[in-house]
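According to my numbering, the residues represented by the sequence shown are 10 to 153, in order. Following: one structure in structure tokens, then a few remarks.
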Amino acid sequence: KAIAVNPDWIDEWKVLMTAVQGTSAAVETKFLSKPIIAEAGTACTETYLVAGHFGNEKDAINYAQYLRTRFVRFLVSLRKATQHATRDVYSFVPDLPLNQEWTDAKLYKRYGLNKDEIAFIESQVAEHDSELFDEVGSDETEDE
């Protein structure tokens, strides 16, 4: 079958997020799964949400790193009441230029957050581990 929805995205780099993440808001402090970078020439099913599509790999990586910040995950937490991560949960997340890597420190400065606001965000949102991306297919073996 032909891809009927957003076929023009096939030839672009994409950042995918799982459509379902987390268990209970009371214990979940990461709020989002690790992003998946999908190369140009790929498509996905409804298991994933295309968080963004880009003309090059660097912009996709910068966007994935942006999604991993505590700042973004805090904004998502304000909209995410269940394990489902629909497009709506990203509605408070600002669109920023992707010509640079965004860190929490840069975002806190850009939006003028004070020490108390930063401390609150960091008390509510757990730090992700240092690995930006999950290894996709790392446990699969190649056919010989």
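Ideal placement from N, C-alpha and C gives every residue a C-beta, glycine not left out. Remember, predicted model here, so these are calculated numbers, not experimental data.
task = State yes or no: is the C-beta of R82 within less than 9 Å of the C-beta of L41?
result = yes
key: Cβ neighbour criterion (16 or more within 10 Å) applied to M26   = buried
task = Tell me F63's beta-bridge partners as DSSP assigns them.
result = W22
query = Hey, how far is the Cα of N65 from the Cα of Q30?
reply = 27 Å
query = Are the segment 59-74 and the segment 15-25 touching by the rule of at least three beta carbon pairs closer than 8 Å?
reply = yes
request  = Determine, using beta-carbon pairs with one atom in the segment 70-78 and one in the segment 101-117, whether at least three such pairs fall under 8 Å.
outcome  = yes
query = Per DSSP, what kind of secondary structure is L58 in: helix, strand or coil?
reply = strand
key: Collapsed DSSP secondary structure at V98 in the structure displayed   = helix
task = Check V81 in the structure and name its three-state DSSP category.
result = helix
message = What does the alpha-carbon distance come out to for the pair V98 and Q92?
response = 11 Å
ask   = To the nearest angstrom, how far is it from the Cα of K43 to the Cα of G121?
value = 27 Å
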